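With the numbering used here, the residue at position 420 of the sequence shown is 466, and numbering never jumps.
Here is the structure we will look at, set down as C-alpha cells.
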Amino acid sequence: MKTINFKNYLRALFASVAIVSCVQDDDFSVPESLGDEENKNLKTLLERIETGHVQLITIEQLKSQFYSGEDATLISSEIAIKGFVSSSDLTGNFYKEFFIQNSTENATDAIKISLNQVNSYNRFNKGREIYIYLKGLFLGEVKSGDGVYTIGGNTKDGEVETLTSNRYPSHIFRSASTEMIIPKSVSILESKDIGVFVTFDKVEFPISSVGQPFVDPADDYDSHKNVQRCSGFSYYNFILETSSFASFKNEVITDGGGSISGIVSKTYNGSELVLVLNTTEDVELNSSRCTLSDSNEFSVIFEDDFESYPNNSSITGVWNNFIEAGSKKWKIKTTTDSQNQGSKIAQIGAYNSGDPSNIAWLISPPINLDSQSIEFINFQSSNSFSDNSNLELLISTDWNATNSGVISATWSALPGIIVSDSESYQNWIDSSYIDLSAYSGTAFIAFKYTGGGTNNSGTFEIDNFQVITQN
C-alpha cells in the first residue's frame, strides 16, 4: 500500500498564486440552515482551511497524485477538496456511490466517492456543494485499471473499498448550497469527463430499440442500449448503461431525435465508456430523427497522408512543428501496425526523452472558413504504450502563425475521437467528421501532445488528415 504525502507538493502550492485561481470559491462563510452538529463540523473544517491548517486543493490536483492501475493510496496529508454533486441515486441507477465535479457549469474534472450508503440523494443531492476532508481516506480505483478515480475508506488487494456510514460524517461535509448543474455539451464520450454531467444533442436510438424497455428482462445487472448521434456522414455510437435496479427500467424507449444528458462512466470491467442516466427526464427526444450528410456533396480542400516526407525526419513544410516544453518533436515514421502497415505517419512520444515534461504541437496550415458554408475535418489516430500521456485536438482563429504566438493564442477543444489508452497499439481509430461550422475566419487545427517524466511517456500517431467542404 502506498501513501500520498502532500507535504512537499503543498509547499509548492503555497508558493503559487495558481492555487487561488484553481479553487472556485474562497468564501468560507457557513450556512446556518444545517443541523447544529453538521453545521459545527463544516464550520470547523472551513476555519482550518482559512487558517492554513488544511489545504484546499482541486479535484485535478488530487487525481494527479495517482496513476490508473496502481494500488490505492492512503492520504496522509491535511488536505480537502470541494465539489458539486453531479449524480443521483434517486432512481436507483447508481448504487453506493456518487460523483462530484469541480464546477456547476463547463466542469473540467470529477471524482467518484464510494460509500456504504444507499439513497445518498437524501443527503448528497444533485447540485449540493460539498467538502471532503481527505486525511485517512484512500485514493484509487474500485476496479484496478478502470480509470474511474475514486475516494474510499479502505483498500483490499490494491483496490478502493467503500467509506463506511460511521466514518463518512467525519469526512464529507455538505454546505447549505444546492446549485443548478448545467450539463456540459459534448459530442463524444471521453475519459476526461468521467463523473461529469454531460449532454449530447442530435441523438436518437436505433429503430430496433424503439418500443423496448431501458433494461432487457434477460439482464441481471446492467443493460446496454446503443445511442447514435448524427456526425456528418455517419453516426457516432455510444452506450447508454442502465441498472436492472433502476426504477425506470421498464419504461419504453421512444422514437424521435433530441438530447440525452447523464454521467460519463465506465462499464463494470472498465473496458468501455458509457453514459448513465440520473433520470429519464434527461432524455428529451421531441424532434424528428436526423438526416446524415451526403458525401457526394463535399470535396477535399486540404489533405495530408504524410507519404511525401522522408522517413524519420521532423515534420516541416505546411505544418508548424512547435516544441513548448522538452526536446521531442513530431516526426515521420513508417508504421508496422497491421491496420495501416507500410504507411508513413506523424508520430510523437516522450519515451527516453529524459525530460520532466514534453509538450509538442503539430499545427495545420490555415483554413479559410469564410469561403464556404460547411467544413469538416477527419483523421485517424493510434498509440503505443500511451501511459497517461495525452493528445488534444484544438482549433484557433486568432493565432498569428508564429511560434511565439502559439501559447498566447486562444485554443478551443474540438470533439474528435482520439485513440484511448486502452486501445490496442495495432488499431487505428477514425476521428469521425468534425464540424467546423461554428467557427469563422482563418482557422488552424492543432494536435497538442503532453507527456514526459516516468509515468507519461506514451506515443501517439496521426494519419490521413483531411479538410472537406460542401460543394
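Ideal placement from N, C-alpha and C gives every residue a C-beta, glycine not left out.
In this text the structure is predicted, and so the values were computed from the model without any measurement.
Considering just the uninterrupted stretch of the beta strand (DSSP E) at residue i, what are its terminal residues?
i: Leu518; result: One cannot answer for residue 518 here, as it falls past the ends of the chain, which runs 47 to 517.
i: Lys230; result: Lys230 to Val232
i: Glu507; result: Thr505 to Gln516
i: Gln426; result: Glu421 to Ser430
i: Ala392; result: Lys390 to Gly395
i: Gln147; result: Glu143 to Gln147
i: Ala126; result: Ile125 to Val131
i: Asp247; result: Phe243 to Glu250
i: Glu349; result: Phe344 to Asp350
i: Glu207; result: Glu205 to Glu207
Is it true that the CB of residue j sits closer than 7 Å to the CB of residue i?
i: Ile309; j: Ser133; result: yes
i: Trp365; j: Leu408; result: yes
i: Val242; j: Ala153; result: yes
i: Lys374; j: Gln393; result: no
i: Thr201; j: Ala126; result: no
i: Phe490; j: Ser410; result: yes
i: Pro229; j: Val244; result: yes
i: Ser334; j: Gly303; result: yes
i: Arg174; j: Val131; result: yes
i: Leu180; j: Ile240; result: no
Nearest CA to the CA of residue i: which residue from the options?
i: Ser466; options: Thr505, Pro229 and Gly499; result: Thr505
i: Ala459; options: Asn446, Leu437 and Gly129; result: Leu437
i: Gln512; options: Lys494, Gln111, Gly498 and Leu482; result: Leu482
i: Phe170; options: Leu180, Ile218 and Gly198; result: Ile218
i: Phe140; options: Gly182, Gly198, Leu323 and Glu84; result: Leu323
i: Ser221; options: Ser450, Thr90, Ser503 and Gln418; result: Thr90
i: Leu592; options: Glu124, Ile391 and Gly302; result: Residue coverage of the chain in this structure runs from 47 to 517, which leaves residue 592 outside it and unanswerable.
i: Asp350; options: Thr496, Asn449, Ile391 and Ser231; result: Ile391
i: Glu318; options: Glu187, Val188 and Gly193; result: Gly193
Which stretch, first to last residue, makes up the alpha helix (DSSP H) that contains residue i?
i: Glu106; result: Ile105 to Lys109
Exposed or buried, which one is residue i when buried takes at least 16 other CB atoms within 10 Å?
i: Lys238; result: exposed
i: Gly462; result: buried
i: Tyr355; result: buried
i: Asp71; result: Since pLDDT at Asp71 reaches only 40, below the 50 mark, its modelled position is unreliable, and the value read off the structure follows with that caveat. With fewer than 16 Cβ atoms within 10 Å of its Cβ, Asp71 is classed as exposed.
i: Ile453; result: exposed
i: Ala484; result: exposed
i: Asn148; result: buried
i: Ala264; result: exposed
i: Val66; result: A caution first: Val66 carries a pLDDT of 33, below 50, which makes its placement in the model unreliable, though a value can still be read off. By the neighbour-count rule (16 or more Cβ atoms within 10 Å), Val66 is not buried but exposed.
i: Tyr177; result: buried
i: Ser75; result: For Ser75, the pLDDT reaches just 42, beneath the cut-off of 50, and the residue's location in the model is therefore unreliable, although a value from the coordinates is still provided. Answer is exposed; the Cβ neighbour count stays below 16.
i: Glu96; result: exposed
i: Phe422; result: buried
i: Glu41; result: Outside the shown range of the chain (47 to 517) lies residue 41, about which nothing can therefore be said.
- Okay, do the region 200-213 and the region 153-162 touch, 3+ Cβ pairs below 8 Å being the bar? Contact annotation: the region 200-213 touches the region 153-162, with at least three C-beta pairs closer than 8 Å.
- Tell me, please, whether the region 324-339 touches the region 349-361 by the rule of three or more beta-carbon pairs shorter than 8 Å. Fewer than three pairs of CB atoms, one per stretch, sit closer than 8 Å, so the region 324-339 makes no contact with the region 349-361.
- Three or more beta-carbon pairs under 8 Å between the region 420-437 and the region 468-486, yes or no? Result yes; three or more Cβ-Cβ pairs closer than 8 Å.
- Message: Does the region 84-103 come into contact with the region 138-157, if we say contact requires no fewer than three beta-carbon pairs (one atom in each stretch) closer than 8 Å?
- Response: Judged by pairs of C-beta atoms under 8 Å, the region 84-103 does not touch the region 138-157, as fewer than three such pairs exist.
- If you pair each beta-carbon of the region 268-281 with each one of the region 247-257, do three or more pairs fall below 8 Å? Touching, yes, given that three or more Cβ pairs across the two stretches are closer than 8 Å.
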